[in-house]
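First to last, the sequence lines map onto chains A and B.
Numbering of the first sequence is given in this note's numbering, commencing with residue 84 and proceeding in unit increments.
Numbering of the second sequence is given in this note's numbering, commencing with residue 9 and proceeding in unit increments.
Please read the structure below before turning to the comments.
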Amino acid sequence: MNELVVNRPTNVDRRTALREAARAVAGAVLPALPAGYTSRPAMRRSLRAAQSFDSSALPPAPPLGAIVLHRLGFGPRPGDMTAWQSLGANDDARLVAWVDQQLNPAAINDTVANTRLAASGFTTLNKSLVQLWQDHHLTDPPWEIREQPFYEVEMATFVRAIHSQRQLFERMVEFWHNHFSVYGYDFLIGPTWAAYDRDVIRANALGNFRTLLEAVTKSNAMLYYLNNSVNSVDGPNENYAREVQELHTLGAENYFGAIPASQVPRDGTGRALGYCDEDVTAVARCLTGWTLRDRSWDPNFGDTGEFFYYHPWHDTGAKTFLGVNIPAGQPAMKDGRDVLDILATHPGTAKFICKKLCRRFVADQPPQSLVDAAVATFLANTAAPDQLKRVMRTIALSAEFKTTWGQKTKRPFEAAVGMFRAAGGDLPFRLDDNQATSWFSWMFYQTGHPLFQWHPPNGYPDVKEAWKTTSPKVMTWRLANMLVQVDNGAGQYYLNVIGQTPANVRTAWQITTYWTERLLGYFPPTEEFEILLDFMAQGRNPHVNLPFDTDEDTRDRVRALVAVIFMSPSFHFR
Amino acid sequence: MSQVTRRGFLMGCSAAIAGLAGARFNSMAFAQGGVNNEEILVVVFLRGGVDGLNLVPPIGGADRGFYEAARPTIKIPVSGVGAALPLGGGFGLHPAAAALHPLYQAGKLAIVQAVGLNVVNRSHFDAMQFVELGTPGSRAISSGWLTRHLASAANLPSEIVMPSLAIGDLQPASLLGDLETINIANPDQFSLDNGPWQWRSAQRVALRDLYQGGTTWQHQSGVQALDALDIVELNVAGGYTPANGAVYPNSGFGDHLKVLAQMIKLDLGLQVATVDVGGWDTHEEEGGATGYFANLVSDLSAGLAAFYTDLDGAGAQNYTNRLTVVVQSEFGRELRENSDSGTEHGYGNQMFVLSGNAIGGLHGTWPTLAPGALTDGTDLAVTTDYRRVLSEILIRRMGNNRLGQIFPNYANYAPLGVVAGTDLAPDYSTTGDTIFSDGFENATTSRWSSVSG
C-alpha cells in the first residue's frame, strides 16, 4: 500500500480539477447503455452550477432486508441478503425471525468470529480485573504494556463487528460504550479496559438497565474517569453525580438548573419530574465512599483495582433526592443504590434512554410514537433481566422502523466496518502488525471517530450534523481508497477485489452491477448506477469484455470502482 | 440553504475553482466592488469550563484574602517562584501564561472579567449549547451564532472560496447549520490522492457526479466535501514555515493554530474560524502555579502568542490588523477548591480578546469575591453578558449590526470598549432572512449536541 502511494506520481491530483475541466470541454464518447438507461457523459454534469438541495429530500428506501442489515447490523456480507430471503415467506416474517434470532446471541454459533479473534493473538481480553490491574498497572510497565488491554479491545471490537454473527449484539455494545462513554486511552483506565468492555458493557448490553447502571457506577473505568473514586464526606466530588443524571439517566432535558429543589415540579407520588443542582449535591453525598482498592499504602484499601465501599468516607446524613427522602444512617451502599433505583425507574430516564436507542437504530429525530412505545416497554420491565432485549424488540419490530430510511449517516466506524464486511475483507488486527493494521489505525483516527477516545463524557454525537461535515467525510473516503489497495507486502490484498470478482464478470456492465449490488446489498437509484457504469466503462461499450485478466490498469480501475461505491451517497445512508 | 444560493459559495464547480488557483482569490473577489469586510474572527473555545479565577487571579485587596482562603492548595502566589504576572488593577496573569504577558503589555490583549451567560447553568453541555447557539436558556434554534453572523452580514463579497473554517475533527455548534464550513484537522491528509493513481481523476469526476446528481442532505454534504477538497488540494502543498520565527507549541492546539495561520495566508476570503481546546474540567489535581492546569495554560498561551506573532507585522502582511481572536469557555469554576485539589463547575468567568485592534487591559465590572457577592454563595457572579463582547466585535470589527438575528432576544447592547472600530446602531429585527424559517435543519427538532449525550 505504501509503495503504491509513494512510487507513483504524486502531483497528479494537483492538476486533477484542471484536467477534469479540460476533459469536460472536450466532451466524452457516449457509452452505449442497455435499454432502460439513458446515457449521459459524466463530465457534463461536473460543469453544472451548484444545484439546490432540499432539506426534506430522502433517498428511496431499499428492501427491508437491507434496512435491517445496515441499521441493526454493520451492513451485509456476501450471502446475507440471500439468507434474509430464506428467513420467512414475507418481510414481516423475516424481520421477526431475524430479530428474535439476534436477540438471543448466546444461541448463535459464532465460531468464525471466535476463531478469527484467536488468530489475532490477544492475551488480555480474558484476564480478570485483578489480573489486569496487576499485570498492566501495579508492575508499572512501559506504556505499550500498560495500554495493551485498551489496544486489544479496540482491535477486537473491529474484528467482532466485522466477523460476528451476533450483529445486533455488537450494535448494542457500540451503543452502550457510547452512552456510558469513557476516554479509555488513559494511564489508569487503559490497564483494565478489557474488564470494562467485557464485564460491564458486554455482560449487560441486552440485560437490565438498573444492573448495567450499577455495574458502570462501580467500574474502575467510570470511577476514575468521572472522579467518584475520590468522592468522600470530607471532600465531595460532584462530577459523576452530575453526569450520571445528565448523560446516563434523566438527560439534560430533565435538568431544571439552579432552582431550589422545592420548585421542581412533582408527579402524583411526590417524585420530582427532573433534577436540579441540589439533586446533584445529594447524589454526590449518596455516592461518597464508592471507590476502589488503589491504595497500597492503606491496609483498609489494598491495591487490587477492585470496587470498594469505604464506609468512613460515606456521608451518613439524611438526603433528599428528587423529592424522595433518603434517611440518615442507612446500611452500606444503600444510599447509592436508592439513587440508582430512583434513576433507573424514573420515566424521564426511560424517555431519555429510549429516545437515544431510537435515534441510534431508526432516525436522528425518531418518531415520537416509536419512542413512546419503547418507553412503555422500558417502564413495564424495569425489574426484568432482559429489559433491554424487550425494548429493542419493540423498536426493531415497529412499523416506524420498517418505513424509515436515509435519515442517518453512517459514522466512520460503521462505514469502515461495512466496507470490510461487504467486500469480504479483513486486516491482521494484531498488535505486532506494524504495517497494514497500523496504517489503518492511523487513518481511522483521522476520521474523528477513534474507538473509546471521545474526551468529554457525552459520547460521540449520533446525528448527521456532526458526521456529514467535511473532515469525517473526506477522511472516510480516504479510508476507502486505502482499503482497496492495502496488501501484505507480498502482493496479497487484504480486501481482495480482483480475486472476488467472479470469472463470468468481465464487462463494465457486469463488473459494475456485481460490485454495486454486493457492496450495498441492493440496487441503487438508476442515476447512481449510471455514473458508476460510466466510471467503469470509461467511454467504451459497457458490454465488451475488459482485459481484466491481463491488464493491471483495468484491475486498478475495478479497485477504484469499489472505492467509489464505498464513497457513494447510497453507501452512507442508514 | 439560503446562504448557499445567496452568495454562490464555491460555485460547486471544480473547473471554476481551478481557474482561480494561484490567484489570490480574496483580492479578486474584493475587486468586484462594494465595501467588503476583510476581517477574520477566530473563536477559541476552552471545553470543560476554564478556571478563570486561576487564569486571572486577584493579587491584592480584599479579594486576595477571599481567594487565598478559598484556595489554600491551588492558589497562585503573588511573589516568589510561580508568582502571578501583574496586569494592574489588582489582578495578575497565571505564570504559565507568560507568553501572553507581553501582548497584554503591548495593549493587544483585552481581558473581560466576570463575563458569562445571563442564566445560571452548570451543565457543560447545556452551557456550551447556550453559548454557541447564541440563545442562552434555549437550545431550540437550528443554527449557531457564527452561522447566523455569516448569513446576515451585508458586507461579504459575493463569492468566497472559504468563508468559514472549523479546525478539528468535527464542526462546533457555533457553526451548526452552516453548509459552507470546511472542517479540517490535518491539511496534509485532506486529500483523495491515495486512490489507484491512474484513476484518481476519474474517481473525482464520478464522485462529483454522484453527489451533484441528487438533492438530499447527503448529496449536499458530499458536494461540500468535494469543494473543500478542490480548494485545499489546490492550495496546500508542501510544508509551512511560520513568519517572524514564530514557534508553535508541539501540541494538538499548536498544530491546529498553525493550520489556521496557513489557511488564513491562502487569502481565500476566510471570515470565521473556530478552534477547540479540551481538558479544562479540573475536578481534581488542578495544581496551582505548576501542574495540570498550568500545563494547559502554558499550551494555550504559547499557541496564541505564536499565532499572533506568525500573523503580525509587515513580515506577515499585517494580518493582525484585521484579525480578532476570542477565547471563551462555557462557565467558570467555583471559588472554593474541593478536597481533591480541584474545582467544581461555577458561573462567571474571564474572556480574552486578542487583536491588533484590541483595546488592551481589564474590562467589565468586577463583582468581587466577597461572600455576599458570589452567585449561589459559591461562584463568581456574571456582570457582563458574553453576547455584549461578541456583539461589539461583530459591530466594530466585522461590521455586522444584525444582533436580532445573531442573538435573538438580546437587547440594550452598548459597547464595552474591548476593540476599536466604528459603532453602528444595532438592528434587533429578526425578520428578513430565511434562516429562521427555512434552515436546512428543522428548527423545532434539531438539538444535536444536547441529544448526542
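Virtual Cβ for every residue (Gly too), placed ideally from N, Cα, C.
A quick note: this is a predicted structure, and the numbers were derived from the prediction, not measured.
Item                                                                                                                                                                                    : Value
Could you tell me whether any Cβ in chain A is nearer than 8 angstroms to the Cβ of asparagine 357 (chain B)?                                                                           : no
What is the rounded straight-line gap between the Cα of valine 127 (chain B) and the Cα of methionine 359 (chain B)?                                                                    : 17 angstroms
What is the DSSP secondary structure of methionine 406 (chain B), reduced to helix, strand or coil?                                                                                     : coil
Of all the CB atoms in chain B, is at least one closer than 8 angstroms to the CB of isoleucine 272 (chain A)?                                                                          : no
Tell me which same chain residues have a C-beta within less than 8 angstroms of the C-beta of proline 585 (chain A), skipping the five on either side of it?                            : Tyr597
Quick check on proline 224 (chain A): does DSSP put it in helix, strand or coil?                                                                                                        : coil
Any residues in the region 314-338 of chain A with a beta carbon nearer than 8 angstroms to a beta carbon of chain B? Which ones, in chain order?                                       : Ser315, Asp317, Gly318, Pro319, Asn320, Glu321, Asn322, Arg325, Glu329, Leu330, Gly334, Ala335, Glu336, Tyr338
First and last residue of the beta strand (DSSP E) that includes tryptophan 380 (chain A)?                                                                                              : No beta strand (DSSP E) contains tryptophan 380 (chain A), which DSSP labels as neither H nor E.
Rounded to a whole number of angstroms, what is the C-alpha to C-alpha distance between serine 651 (chain A) and isoleucine 168 (chain B)?                                              : 27 angstroms
Once DSSP output is grouped into helix, strand and coil, what is the label at aspartate 570 (chain A)?                                                                                  : strand
According to a CB-to-CB cut-off of less than 9 angstroms, which residues of the region 544-566 of chain A neighbour chain B?                                                            : Pro544, Asp545, Val546, Lys547, Glu548, Ala549, Trp550, Lys551, Thr552, Thr553, Ser554, Pro555, Lys556, Val557, Met558, Trp560, Arg561, Ala563, Asn564, Met565
To be precise: take each residue of the region 120-149 of chain B, compare its Cβ to all Cβ atoms of chain A, and keep it if any distance is under 8 angstroms. Which residues remain?  : Val127, Val128, Asn129, Arg130, Ser131, His132, Phe133, Asp134
Between which two residues does the beta strand (DSSP E) carrying valine 407 (chain A) extend?                                                                                          : 407-409
Who are the neighbours of tryptophan 207 (chain B) on chain A, taking C-beta pairs under 7 angstroms?                                                                                   : Asp639, Arg640, Ala643
Could you compute how far the alpha carbon of methionine 406 (chain B) sits from the alpha carbon of glutamine 413 (chain B)?                                                           : 15 angstroms
Kindly provide the ranges of any beta strand (DSSP E) runs that are 3 or more residues long and lie completely inside the region 299-349 of chain A, ordered along the chain.           : none
Please tell me whether alanine 389 (chain B) and alanine 378 (chain B) are closer than 8 angstroms, where the distance is taken between their beta carbons.                             : no
Of the residues A:Ser452, A:Asp360, A:Leu510, A:Ala149, which one's Cα is nearest the Cα of alanine 482 (chain A)?                                                                      : A:Ser452
Would the region 604-611 of chain A count as touching the region 626-636 of chain A if we require 3 or more Cβ pairs under 8 angstroms?                                                 : no
Between which two residues does the beta strand (DSSP E) holding threonine 637 (chain A) run?                                                                                           : Threonine 637 (chain A) -> not in any beta strand (DSSP E); alpha helix (DSSP H) instead, spanning 635-650.
Please report whether the beta-carbon of alanine 428 (chain B) lies at a distance below 8 angstroms from any beta-carbon of chain A.                                                    : no
Which residue wins for smallest C-alpha separation from asparagine 192 (chain A), given the options A:Asp280, A:His262, A:Ser247?                                                       : A:Ser247
Determine which residues of the region 221-247 of chain B have a Cβ less than 8 angstroms from any Cβ of chain A, and write them out in chain order.                                    : Gly221, Gly222, Thr223, Thr224, Trp225, Gln226, His227, Gln228, Ser229, Gly230, Val231, Gln232, Ala233, Ala236, Leu237, Asp238, Glu241, Leu242, Ala245
I'd like to confirm the pairing. Which residues does DSSP put opposite isoleucine 192 (chain B) in its beta bridges?                                                                    : B:Ile175
Put glutamine 336 (chain B) into one of helix, strand or coil per three-state DSSP.                                                                                                     : strand
Examine chain B for any beta-carbon lying closer than 8 angstroms to the beta-carbon of valine 647 (chain A), and answer yes or no.                                                     : yes
Kindly identify the DSSP beta-bridge partner or partners of lysine 402 (chain A).                                                                                                       : A:Ile409
Short of 7 angstroms in beta carbon distance, which residues of its chain neighbour methionine 416 (chain A), apart from the five on each side in sequence? Order them along the chain. : Tyr392
Between leucine 265 (chain B) and chain A, is the shortest Cβ-Cβ distance under 8 angstroms, so that the two count as touching?                                                         : no
Taking valine 120 (chain B) as the reference, which of B:Gly429, B:Thr430, B:Pro434, B:Gly425 has the closest Cα?                                                                       : B:Gly425
For alanine 176 (chain A), return the contacting residues in chain B, with the cut-off set at a CB-CB distance below 7 angstroms.                                                       : Chain B residues near alanine 176 (chain A): none, gap ~31 angstroms exceeds 7 angstroms.
So proline 538 (chain B) contacts chain A; which residues on that side make the cut at Cβ distance below 8 angstroms?                                                                   : Chain B is shown from 9 up to 461; residue 538 (chain B) falls before or after that span and cannot be answered.
I'd like the span of the beta strand (DSSP E) that includes alanine 180 (chain A), first residue to last.                                                                               : Looking at the DSSP string, alanine 180 (chain A) is not in any beta strand (DSSP E); the run it does join, the alpha helix (DSSP H), is 174-185.
So, helix, strand or coil for arginine 32 (chain B), using DSSP?                                                                                                                        : Reliability fails at arginine 32 (chain B), whose pLDDT of 40 lies under 50, so the model's placement of it is uncertain and no value is given.
In angstroms, rounded to a whole number, what distance separates the CA positions of threonine 298 (chain B) and glutamate 345 (chain B)?                                               : 16 angstroms
Can you tell me whether glutamate 326 (chain A) is buried or exposed? The criterion is at least 16 other CB atoms within 10 Å of its CB, across all chains shown.                       : buried
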